[in-house]
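Asks: Let me give you the structure first, and then I'll get to my questions.
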């Protein structure tokens, strides 16, 4: 037999997608969130399961875990340009868990939903090993959903903010380094809802994905969906300032902190370089980090050397 | 501290609802599924987490578990009268699980979605203890959603089919009794999508709920939401024929099999008795089992004796 561990997460997801593919399947199966046309509106829905065991770093409060479990899903619909209209959470809770902690998780979910301009509108609570399955619902309001598969050769690649903050925060919490800003990045990821709406409204963006699985994985996923390659310039990558500190203190390669960790929620998107001025007018922060090529590989250029970047370790 | 086990599932859900209640919260928080108005359409969404450990009886194949995990959610939106338009599944999978089994679970989910007239349109797969978090999405198409809180004094109470089949099936599988029909009820629950649509389209129904948590719990939930009581007539309850066999063979009280087990997906609904003829014209099966009263209690009348029915053991 082949186990899930043997096949790996990404290949298993591929297998499932192929299994579910039908002639009349929507072609959005490939994206973070699913699209459903409802009358004149397009609905955008994402669901994700985060577990206490795997996604709650030591020292993260129940409230922050709740926030994070909601942010994962809001980020997925933000990457398509949707405005959130509701959130559902299915909690699986160990029998011996303090109900105060449950209340704190729910409060964190609620705060994140409010931050994203919406509410928790339903859900479910059952005994289990400890996890939150969130479902975020959004609407496109006439904008065209940004997909993963639209990157064109020659498009530039940009991200909405600095990278590696959550990685630095994770190590800071684990080793008690006290890097508060980085720790905040990890425990309170900000879904880029406004950025997603502005980017999709602009009509400029050819493809978009969030960085919740890390830059390496996001680039590989976007390039694979778009059937393109890319070159990323190391010097152009905006790095969270604490990544350097953590890298030096703990002797962790900076590249790994910036590219492979995940848990961050900036958007990565592509557009025609001739539209840079129009993008500047959107009043959102962005940093150009590379260019789409006609190959299949994600390539990092650093100090005049080229390295093929595979999926992150996350 | 008070643990989740101490407080219990139902009280915890109540606590969470109170925590999330805001002035502008939708009043549908009380129902199985959440309502979102989108343009002229009303969206109905339900999410539920089922675990291998708790919801997969010994002998249930991965495929049947997949079907069941989807049916739970389709049943929730069916009870409001929605037509399904999509399904998402977030799988949590143990590392050592055979990928063939994962494929079978997904196939079961897919079959159930197709049976309900829709598709799996997205999801997520992550390592974990083994669970499926499903999200079913439906639309009302102009019909008014059936809620739990609309039962009126004097309304009659009806169910769409025989009760206790899944309970009998569970014991049959456990004790190898070979009661195929009952086992099929357990492993292939049929969400009453067409019945829900017909009932909501009729405009006759004052309240509705599915029986996935069992008759006792459903009656208590519906009466509590409607701030009413009810009297159920034991002799009127349609009992799956295998319940009697199982009860006698294993010395289990028939009342417990018929009322407390859950895992069944008939709809329970209330309506004005003067509308019985109109309901007969809908071409759906139903059995009147009792009447709504002005008390707070769910009461079972059997052999001229009255017994207060509390929440099921499920």
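Protein chains in written order, with my numbering: chain X, 1 to 314; chain W, 1001 to 1314.
Virtual Cβ for every residue (Gly too), placed ideally from N, Cα, C.
Decide yes or no for the touch test of the region 175 to 190 of chain X against the region 223 to 239 of chain X: beta carbon pairs closer than 8 Å, at least 3 of them.
Replies: Judged by Cβ distances under 8 Å, the region 175 to 190 of chain X makes no contact with the region 223 to 239 of chain X, as fewer than three pairs qualify.
Asks: Could you tell me which uninterrupted alpha helix (DSSP H) segments, each at least 4 residues in length, are contained entirely in the region 35 to 99 of chain X, listed from first to last along the chain?
Replies: 52 to 55, 62 to 78
Asks: Using a Cβ-Cβ cutoff of less than 7 Å, which residues in the same chain neighbour residue 237(X) once the five nearest sequence positions on both sides are dropped?
Replies: 163, 258, 289
Asks: Please list, in chain order, the chain W residues whose beta carbon lies closer than 7 Å to that of residue 86(X).
Replies: 1034, 1036
Asks: Name the one or two DSSP bridge partners that residue 239(X) has.
Replies: 163(X)
Asks: Which runs of the alpha helix (DSSP H) spanning at least 4 residues fall entirely within the region 134 to 204 of chain X, listed in chain order?
Replies: 165 to 174, 180 to 187, 193 to 202
Asks: Is residue 49(X) close to chain W, meaning its C-beta is less than 7 Å from at least one C-beta of that chain?
Replies: yes
Asks: For residue 113(X), does the count of other Cβ atoms within 10 angstroms reach 16, so buried, or fall short, so exposed?
Replies: Burial call: buried.
Asks: Please report how far the alpha carbon of residue 17(X) lies from the alpha carbon of residue 1134(W), in whole angstroms.
Replies: 16 Å
Asks: Looking at the unbroken alpha helix (DSSP H) that takes in residue 14(X), where does it start and where does it end?
Replies: 9 to 20
Asks: Looking at C-beta atoms only, is the number of pairs between the region 71 to 89 of chain X and the region 167 to 176 of chain X that lie closer than 8 Å three or more?
Replies: Contact between the region 71 to 89 of chain X and the region 167 to 176 of chain X is not established, with fewer than three Cβ pairs separated by less than 8 Å.
Asks: Between the region 1151 to 1162 of chain W and the region 1109 to 1124 of chain W, can you find at least three pairs of beta-carbon atoms closer than 8 Å?
Replies: no
Asks: Alpha carbon to alpha carbon, what distance is there between residue 229(X) and residue 309(X)?
Replies: When rounded, the distance between both Cα atoms is 11 Å.
Asks: Between residue 1146(W) and chain X, is the shortest Cβ-Cβ distance under 7 Å, so that the two count as touching?
Replies: For residue 1146(W), the closest Cβ of chain X is not nearer than 7 Å.
Asks: Looking only at DSSP bridge pairs, what is residue 1112(W) linked to?
Replies: DSSP lists no partner for residue 1112(W).
Asks: Helix or strand or just coil, what does DSSP make of residue 252(X)?
Replies: Under the three-state reduction of DSSP output, residue 252(X) falls in the coil class, being neither helix nor strand.
Asks: Do you know whose CA, among 97(X), 91(X), 98(X), lies nearest residue 132(X)'s CA?
Replies: 91(X)
Asks: Just list the residues that DSSP pairs residue 287(X) with in beta bridges.
Replies: 159(X)
Asks: So, helix, strand or coil for residue 4(X), using DSSP?
Replies: helix
Asks: With 7 Å set as the bound, which would you pick, yes or no: does the beta-carbon of residue 52(X) sit closer than that to a beta-carbon of chain W?
Replies: no
Asks: State the Cα-Cα distance for the pair residue 279(X) and residue 251(X), rounded to the nearest angstrom.
Replies: Rounded to whole angstroms, residue 279(X) and residue 251(X) show a C-alpha spacing of 38 Å.
Asks: With 7 Å set as the bound, which would you pick, yes or no: does the beta-carbon of residue 74(X) sit closer than that to a beta-carbon of chain W?
Replies: no
Asks: Does the beta carbon of residue 140(X) sit closer than 7 Å to a beta carbon anywhere in chain W?
Replies: no
Asks: My understanding is that residue 95(X) touches residue 1052(W), with C-beta atoms under 8 Å, so please give their C-beta distance in whole angstroms.
Replies: With a contact defined as Cβ atoms closer than 8 Å, residue 95(X) and residue 1052(W) miss out at about 17 Å.
Asks: Give me the subset of the region 1244 to 1269 of chain W whose CB atoms are less than 9 Å from a CB atom of chain X, sorted by chain position.
Replies: none
Asks: Please classify residue 1117(W): is it buried, with 16 or more other beta-carbons within 10 angstroms of its beta-carbon, or exposed?
Replies: exposed
Asks: In chain order, what residues of the same chain lie with their CB nearer than 7 Å to the CB of residue 1207(W), ignoring the 5 residues before and after it?
Replies: Counting only Cβ-Cβ distances below 7 Å, and skipping sequence neighbours, we find 1146, 1147, 1148, 1149, 1150, 1151, 1222, 1226, 1269, 1270.
Asks: Could you tell me which residues DSSP puts in a beta bridge with residue 271(X)?
Replies: 156(X), 205(X)
Asks: Are residue 44(X) and residue 80(X) touching if we call contact CB-CB under 7 Å?
Replies: yes
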